[in-house]
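Written out below as structure tokens is the structure these notes cover.
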Amino acid sequence: MQLTQRPWLPNPDDGTQITLGFDGSENDDFTAIQGETIDGLTFTPRYGPDRRPAIWNPAEWGGQIPRSEVHAAVDELFERYKVERFYCDPQDWYSEIGDWSLKYGEHHVFEWATNRIKAMFAEIKRFEIDLATGRITHDGCPIAGLHFANARKAAKTGQQYVLIKPTNHQKIDAAMARILAHTAASDAREAGWGKTPEASGISHAVYGFN
3 MQLTQRPWLP
13 NPDDGTQITL
23 GFDGSENDDF
33 TAIQGETIDG
43 LTFTPRYGPD
53 RRPAIWNPAE
63 WGGQIPRSEV
73 HAAVDELFER
83 YKVERFYCDP
93 QDWYSEIGDW
103 SLKYGEHHVF
113 EWATNRIKAM
123 FAEIKRFEID
133 LATGRITHDG
143 CPIAGLHFAN
153 ARKAAKTGQQ
163 YVLIKPTNHQ
173 KIDAAMARIL
183 AHTAASDARE
193 AGWGKTPEAS
203 GISHAVYGFN
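In structure tokens:
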């Protein structure tokens, strides 16, 4: 399912309270960091002097994810924003996530494995419902939009499902990272974060899954 094209919004202002989600790979899938503001804008962070999106295609980096770039992006995001929680799928990145936890605090950086069917199904459903009802919105990032469009639902037992890529070249990593950012934000709100979020004029167009 394709999203209606719209202008890609600029990143939130420095100092904004956010959460982050991370889905990493080594040399096949993309690696992505996604964010969500305290008032519910999900977005693709940009970093560095060229304001690159925090989504890395290994094909653009000699066949390997540029881990130094990822570290630089994480460092910049923690400097620019007030990061409440950072949920990271640990596969292939255990050591780096451990480093981030030591540097930024274990109360901010968490491992969150996406291969747990029951937990992941619940978070996919929460993301879908919250986006459809306007509790969260999105920034119009075309890369994330493509990854959501690529995602397919694979049936699991107990009337559950997970998201998969239909072919190897149709990536979904930014979608997974954005769902993790929303999981982090939802858990943080349940713990008391964002009791009085400020309203903002952001897009209410809805992502869809096939």
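With the numbering used here applied, the sequence shown corresponds to residues 3 to 212, in that order. Ideal placement from N, C-alpha and C gives every residue a C-beta, glycine not left out.
Original post:
Going by the beta-carbon positions, is the gap between residue 176 and residue 32 smaller than 8 Å?
Top reply: Locating residue 176 in the sequence shown gives position 174, where the first residue counts as 1. Locating residue 32 in the sequence shown gives position 30, where the first residue counts as 1. The answer is yes: Cβ separation under 8 Å.
Original post:
Thinking just about the alpha-carbon of each residue, which of 64, 54, 50, 112 is nearest to the one in residue 143?
Top reply: In the sequence shown, counting from the first residue as 1, residue 143 sits at position 141. Per the Cα distances, 54.
Subject >> Where the beta strand (DSSP E) containing residue 213 begins and where it ends >> reply: Because the chain is modelled from 3 through 212, residue 213 falls outside the range shown and cannot be assessed.
Original post:
Just reading off the beta strand (DSSP E) that residue 23 is part of, what are its end residues?
Top reply: Locating residue 23 in the sequence shown gives position 21, counting from the first residue. Counting along the chain, the beta strand (DSSP E) containing residue 23 begins and ends at 19–25.
**OP:** Go ahead and label residue 115 buried or exposed: buried means 16 or more other beta carbons lie within 10 angstroms of its beta carbon, across all protein chains shown.
**Re:** Stepping through the sequence shown from its first residue, residue 115 is reached at position 113. That one is exposed.
Original post:
Bridge partners of residue 164, per DSSP?
Top reply: One-based indexing of the sequence shown puts residue 164 at position 162. In the DSSP output, where bridge partners are listed per residue, residue 164 has 156.
Subject >> In chain order, each alpha helix (DSSP H) run of at least 4 residues that lies wholly inside the region 91–159 >> reply: 96–106, 119–134, 144–152
Subject >> C-alpha gap between residue 2 and residue 90, whole angstroms >> reply: There is no way to answer for residue 2, as the model of the chain reaches only from 3 to 212.
**OP:** Please state whether DSSP places residue 222 in a helix, a strand or coil.
**Re:** The structure shown does not extend to residue 222, since the chain spans only 3 to 212, so no value can be given for it.
Original post:
What is the C-beta distance between residue 83 and residue 20, in whole angstroms, given that I count them as a contact (C-beta under 8 Å)?
Top reply: Within the sequence shown, the letter at position 81 stands for residue 83. Within the sequence shown, the letter at position 18 stands for residue 20. Confirmed, about 5 Å.
Original post:
Mapping DSSP to helix, strand and coil, what is residue 11?
Top reply: Your numbering for residue 11 matches position 9 in the sequence shown. Coil, per DSSP.
**OP:** Rounded to whole angstroms, what's the CA-CA distance from residue 71 to residue 162? Just pull it up for me.
**Re:** By 1-based counting over the sequence shown, the position of residue 71 is 69. By 1-based counting over the sequence shown, the position of residue 162 is 160. Going by the C-alpha atoms only, they are around 36 Å apart.
Subject >> Three-state secondary structure (DSSP) of residue 63 >> reply: Counting from one through the sequence shown, the residue named residue 63 turns up at place 61. In the structure shown, residue 63 sits in a helix (DSSP, three-state: H, G or I).
Original post:
Sorted by chain position, which residues of the same chain lie with C-beta nearer than 6 Å to residue 39's C-beta, five sequence neighbours on each side aside?
Top reply: Position 37 of the sequence shown, counting from 1, holds the residue named residue 39. Only 14, 18, 20 meet the Cβ criterion.
Original post:
For residue 157, which option in 123, 174, 188, 148 has the closest C-alpha, if you only look at C-alpha atoms?
Top reply: As a working note, residue 157 is residue 155 in the sequence shown. Selected option, being the one with the closest Cα: 123.
Subject >> For residue 38, the residue or residues it bridges with in DSSP >> reply: By one-based count along the sequence shown, residue 38 stands at place 36. DSSP output for residue 38 lists 21, 44 as bridge partner(s).
Original post:
Can you tell me the Cα-Cα spacing of residue 196 and residue 58, whole angstroms?
Top reply: Residue mapping note: residue 196 aligns to position 194 of the sequence shown, counting from 1. Residue mapping note: residue 58 aligns to position 56 of the sequence shown, counting from 1. Roughly 30 Å separates the two Cα atoms.
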